[in-house]
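Undergrad: Numbering of the sequence shown is given in the numbering used here, commencing with residue 78 and proceeding in unit increments.
Even for Gly, the Cβ is constructed at its ideal location relative to N, Cα and C.
On a predicted model such as this, the values are computed, not experimentally measured, just so you know.
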Amino acid sequence: MEYQQRRIGVLTGGGDCPGLNGVIRAVTKTAQNEYGATVIGIEDGFEGLVEGRMHELAHREVSGILGLGGTILGSSNRGDPWHYPSEGANGRVEIHDMSQKALGNAGQWGLDALVAIGGDGTMHIARRLRDAGIAVIGVPKTIDNDVAATDVTFGFDTAVAVVCEAIDRLATTASSHHRVMVVEVMGRYAGWIALMGGVSGGADVILMPEIPFTWESVFRKVHGRQTGGKRFTMVCVAEGAKLPDGAEVVQQMDARRTDAKRLGGVGAVVAQAIESGTGHETRVTVLGHLQRGGSPTACDRVLATRFGTAAAHCACTGQAGVMVALRNGSIVPVPLDEVTGSLRTVPVDHDLIAAARSVGTCFGDQ
Ligand code: F6P
Numbered sequence: 078m079e080y081q082q083r084r085i086g087v088l089t090g091g092g093d094c095p096g097l098n099g100v101i102r103a104v105t106k107t108a109q110n111e112y113g114a115t116v117i118g119i120e121d122g123f124e125g126l127v128e129g130r131m132h133e134l135a136h137r138e139v140s141g142i143l144g145l146g147g148t149i150l151g152s153s154n155r156g157d158p159w160h161y162p163s164e165g166a167n168g169r170v171e172i173h174d175m176s177q178k179a180l181g182n183a184g185q186w187g188l189d190a191l192v193a194i195g196g197d198g199t200m201h202i203a204r205r206l207r208d209a210g211i212a213v214i215g216v217p218k219t220i221d222n223d224v225a226a227t228d229v230t231f232g233f234d235t236a237v238a239v240v241c242e243a244i245d246r247l248a249t250t251a252s253s254h255h256r257v258m259v260v261e262v263m264g265r266y267a268g269w270i271a272l273m274g275g276v277s278g279g280a281d282v283i284l285m286p287e288i289p290f291t292w293e294s295v296f297r298k299v300h301g302r303q304t305g306g307k308r309f310t311m312v313c314v315a316e317g318a319k320l321p322d323g324a325e326v327v328q329q330m331d332a333r334r335t336d337a338k339r340l341g342g343v344g345a346v347v348a349q350a351i352e353s354g355t356g357h358e359t360r361v362t363v364l365g366h367l368q369r370g371g372s373p374t375a376c377d378r379v380l381a382t383r384f385g386t387a388a389a390h391c392a393c394t395g396q397a398g399v400m401v402a403l404r405n406g407s408i409v410p411v412p413l414d415e416v417t418g419s420l421r422t423v424p425v426d427h428d429l430i431a432a433a434r435s436v437g438t439c440f441g442d443q
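1) What is the DSSP secondary structure of Gln-328, counted as helix, strand or coil?
2) Straight-line CA distance for Trp-292 to Ile-351?
3) Bridge partners of Lys-338, per DSSP?
4) Alpha carbon to alpha carbon, how far is Ser-435 from Gly-275? Give it in angstroms, no decimals.
5) Cβ of Arg-308 within 7 angstroms of any heavy atom in ligand 1?
6) Keeping to the same chain, check which residues put their C-beta closer than 6 angstroms to that of Val-312; ignore five residues upstream and five downstream.
7) Give the straight-line distance between the Cα atoms of Thr-107 and Asn-222, rounded to the nearest whole angstrom.
8) So, Asp-245 versus Gly-278, is the Cβ gap smaller than 8 angstroms?
9) Would you mind reading off the limits of the alpha helix (DSSP H) that contains Ser-176?
10) Do the segment 188-197 and the segment 213-230 meet, that is, are 3 or more Cβ pairs less than 8 angstroms apart?
11) Nearer than 7 angstroms: is that true of the beta carbon of Ile-202 relative to any heavy atom of ligand 1?
12) State buried or exposed for Glu-358, treating a residue as buried only when at least 16 other CB atoms are found within 10 Å of its CB.
13) Between the alpha carbons of Ala-433 and Ala-280, how many angstroms are there, rounded?
14) Using 10 angstroms around the beta-carbon of Ala-248, count the other beta-carbons present and answer buried if the total reaches 16, otherwise exposed.
15) Since Gly-91 and Thr-199 should fall inside the 8 angstroms C-beta cutoff, what is the C-beta to C-beta distance between them, to a whole number of angstroms?
16) In the structure shown, what three-state DSSP assignment does Val-312 receive?
17) Distance check for Leu-145 and Gly-437, CA to CA, integer angstroms please.
18) In whole angstroms, give me the CA-to-CA distance for Val-213 and Val-379.
19) Run the CB neighbour count on Arg-169, radius 10 Å, all protein chains shown included, and call it buried at 16 or more, exposed below.
20) Ser-294 by DSSP, collapsed to three states: which one?
21) Measuring CB atoms only, is the segment 177-185 touching the segment 368-379, in the sense that at least three cross pairs come out at less than 8 angstroms?
22) Closest by CA to Gly-96, which one among Arg-84, Glu-124, Gly-141?
23) What residues are listed by DSSP as bridge partners for Pro-162?
24) Out of Pro-410, Gly-305, Val-257, Ala-179, point me to the one whose CA is closest to Leu-206's CA.
25) Give the straight-line distance between the Cα atoms of Ser-152 and Arg-360, rounded to the nearest whole angstrom.
26) Hey, would you say Ile-149 sits closer than 8 angstroms to Ala-114, going by beta carbons?
27) Around the C-beta of Pro-424, are 16 or more other C-beta atoms found within 10 angstroms, so that it is buried, or is it exposed?
28) The beta strand (DSSP E) that contains Arg-404, what's its start and end?
29) When the Cα atoms are used, what is the spatial distance from Leu-88 to Thr-386?
30) For the alpha helix (DSSP H) holding Leu-97, just list the boundary residues, first then last.
31) When the Cα atoms are used, what is the spatial distance from Ala-225 to Gly-118?
32) I want to check one thing, is the minimum distance from the CB of Arg-204 to the heavy atoms of ligand 3 below 7 angstroms?
33) Taking all protein chains shown into account, decide if Gln-303 is buried (16 or more other Cβ within 10 angstroms of its Cβ) or exposed.
34) Based on the DSSP output, what are the partners of Thr-115 in its beta bridges?
35) With a threshold of 16 other CB atoms inside 10 Å of the CB of Met-330, please say whether the residue is buried or exposed.
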């Protein structure tokens with residue numbers, strides 16, 4: 078069967094995560110093998126679309142990259158065409174609307190469709206591009222697992238595996254020295270990584286944005302373990318967990334980013350509070366970008382391949398304005414309007430929270 082749409086652009090936007098190369102590979106191979114399409118790799122996310130940086134992806138370039146971390150195309154969380162940063166004469170950040178430049182480049186390159194691989198920020202931009210007439214297909218990525226309308230994003234499983242291994246490793250040294258170990262994990266405003274990573278690593282305390290906690294509850298749990306037999310305690314805290322006064326711990330504000338707020342530092346605050354509140358020796362480890370780097374798990378490679386092939390089919394058959402999503406085990410296209418505007422945080426009645434409570438995990442609220 079002959080299809081009209083033959084020039085497909087692909088870009089990776091926002092923070093990177095394991096599995097991006099698997100999607101790029103699947104999009105490119107499917108479009109080339111099944112539709113004879115040309116695939117254009119746009120460099121550094123939407124920055125490349127604004128600044129006109131791209132190259133045609135050859136089969137050779139996407140071969141052998143399934144297990145490779147990062148993204149061969151580069152990525153950026155500062156490339157929103159409608160909120161495009163540049164440095165002014167006085168060194169101050171200036172924000173400009175560069176959307177016409179981005180749209181102009183897409184037209185000049187003859188793109189019939191654009192596959193945008195990214196998180197909620199990328200899906201928001203994808204929707205604006207759709208409104209401006211571009212045939213966009215979204216693919217949900219992020220270690221945070223917070224994109225609406227899909228049961229899971231690729232990258233999340235790998236991040237959870239890293240957290241699980243880190244807690245396992247830290248537990249042995251915590252046990253030797255009878256210490257409290259606080260592990261700060263990523264996840265932005267959602268507690269998915271803290272919950273799944275914490276439960277899989279057997280954390281004794283999990284603190285996450287969705288569940289307000291009190292110091293009394295945390296101190297009681299820690300003191301009970303330190304004095305009641307085990308004599309070590311593992312605390313897993315999400316970077317977005319709010320302190321008992323409701324405050325988030327913010328490392329930096331950066332107007333150039335799609336989301337100006339850069340979270341980080343709550344682990345140190347929690348560790349300090351536990352040590353002074355209980356008198357038990359406490360250490361903190363911030364896992365940071367270890368959760369995003371390196372090779373994807375088998376599960377993420379499979380999901381990346383499923384998402385990428387589905388996105389290529391959409392792009393080459395004229396189905397646009399959608400994001401490919403995993404729902405009840407199947408990959409389905411969902412309208413971009415269903416995706417943007419809300420984050421998928423952890424429901425407080427999630428069965429894993431109940432299961433964790435049943436095995437004695439403290440969420441700092443009881
Ligand atoms: O969205 C993915 C993520 O890793 C978040 O968990 C984290 O808050 C943020 O990106 C960190 O961004 P950056 O790498 O720009 O510091």
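TA: On the basis of the data shown:
1) Translated into positions along the sequence shown, residue 328 becomes position 251. Note: Gln-328 maps to strand in three-state DSSP.
2) Within the sequence shown, the letter at position 215 stands for residue 292. Within the sequence shown, the letter at position 274 stands for residue 351. So the two alpha carbons sit approximately 8 angstroms from each other.
3) Locating residue 338 in the sequence shown gives position 261, where the first residue counts as 1. Paired residue(s): Met-330.
4) Numbered from its first residue, the sequence shown carries residue 275 at position 198. Numbered from its first residue, the sequence shown carries residue 435 at position 358. Approximately 14 angstroms between the Cα atoms of the pair.
5) Start at 1 with the first residue of the sequence shown, and residue 308 comes out as number 231. No, ligand 1 has no heavy atom inside 7 angstroms of this Cβ.
6) As a working mapping, residue 312 is identified with position 235 in the sequence shown. Only Val-259, Val-282 meet the Cβ criterion.
7) Along the sequence shown, read from residue 1 onward, the residue named residue 107 stands at position 30. Along the sequence shown, read from residue 1 onward, the residue named residue 222 stands at position 145. Roughly 26 angstroms between the two C-alpha positions.
8) Counted from its first residue, the sequence shown places residue 245 at position 168. Counted from its first residue, the sequence shown places residue 278 at position 201. Yes; because the gap between Cβ atoms is below 8 angstroms, this pair is in contact.
9) One-based indexing of the sequence shown puts residue 176 at position 99. From DSSP, the alpha helix (DSSP H) with Ser-176 extends over 176-185.
10) yes
11) Reading the sequence shown from its first residue, position 125 is the one you call residue 202. Answer for Ile-202: no, Cβ out of range of ligand 1.
12) Position 281 of the sequence shown holds residue 358. By the 10 Å Cβ count, Glu-358 comes out exposed.
13) Looking up residue 433 in the sequence shown gives position 356. Looking up residue 280 in the sequence shown gives position 203. Approximately 9 angstroms, taken between the alpha carbons.
14) Against the sequence shown, residue 248 aligns to sequence position 171. When all chains shown are included, Ala-248 counts as buried.
15) Your numbering for residue 91 matches position 14 in the sequence shown. Your numbering for residue 199 matches position 122 in the sequence shown. With 8 angstroms as the limit, Gly-91 and Thr-199 qualify as a contact, their Cβ atoms being about 5 angstroms apart.
16) For the purposes of this step, residue 312 is identified with residue 235 of the sequence shown, where counting begins at 1. Val-312: strand per DSSP, three-state reduction.
17) Stepping through the sequence shown from its first residue, residue 437 is reached at position 360. Stepping through the sequence shown from its first residue, residue 145 is reached at position 68. Distance between the alpha carbons of Gly-437 and Leu-145: 38 angstroms.
18) Taking the sequence shown and counting its residues from 1, the one referred to as residue 213 is at position 136. Taking the sequence shown and counting its residues from 1, the one referred to as residue 379 is at position 302. Computed Cα separation, rounded: 23 angstroms.
19) Locating residue 169 in the sequence shown gives position 92, counting from the first residue. Exposed: under 16 other Cβ atoms inside 10 Å.
20) Within the sequence shown, the letter at position 217 stands for residue 294. The answer is helix: DSSP assigns Ser-294 an H, G or I state.
21) no
22) Taking the sequence shown and counting its residues from 1, one reaches residue 96 at position 19. If we check each option's Cα against that of Gly-96, Gly-141 comes out closest.
23) Your numbering for residue 162 matches position 85 in the sequence shown. According to DSSP, Pro-162 bridges with Ile-172.
24) By one-based count along the sequence shown, residue 206 stands at place 129. When only C-alpha atoms are compared, the closest one is Ala-179.
25) Numbered from 1 along the sequence shown, position 75 holds the residue referred to as residue 152. Numbered from 1 along the sequence shown, position 283 holds the residue referred to as residue 360. Distance between the alpha carbons of Ser-152 and Arg-360 is about 33 angstroms.
26) Translated into the one-based positions of the sequence shown, residue 149 becomes position 72. Translated into the one-based positions of the sequence shown, residue 114 becomes position 37. In this structure, Ala-114 does not lie closer than 8 angstroms to Ile-149 by Cβ.
27) The count along the sequence shown starts at 1 and reaches residue 424 at position 347. Burial call: exposed.
28) Sequence index remark: in the sequence shown, residue 404 carries index 327 (1-based). Looking at the DSSP string, the run of the beta strand (DSSP E) that includes Arg-404 is 399-404.
29) Position 11 of the sequence shown, counting from 1, holds the residue named residue 88. Position 309 of the sequence shown, counting from 1, holds the residue named residue 386. Going by the C-alpha atoms only, they are around 15 angstroms apart.
30) Residue numbering aside, residue 97 sits at position 20 when the sequence shown is read from its first letter. Counting along the chain, the alpha helix (DSSP H) containing Leu-97 begins and ends at 97-112.
31) Your numbering for residue 225 matches position 148 in the sequence shown. Your numbering for residue 118 matches position 41 in the sequence shown. Cα-Cα distance, rounded: 26 angstroms.
32) No copy of ligand 3 occurs in the structure displayed; its ligands are ligand 1 alone.
33) Counted from its first residue, the sequence shown places residue 303 at position 226. Flag for Gln-303 reads buried.
34) Sequence index remark: in the sequence shown, residue 115 carries index 38 (1-based). DSSP lists Arg-84 as partners of Thr-115.
35) Along the sequence shown, one-based indexing puts residue 330 at 253. Classification for Met-330: exposed.
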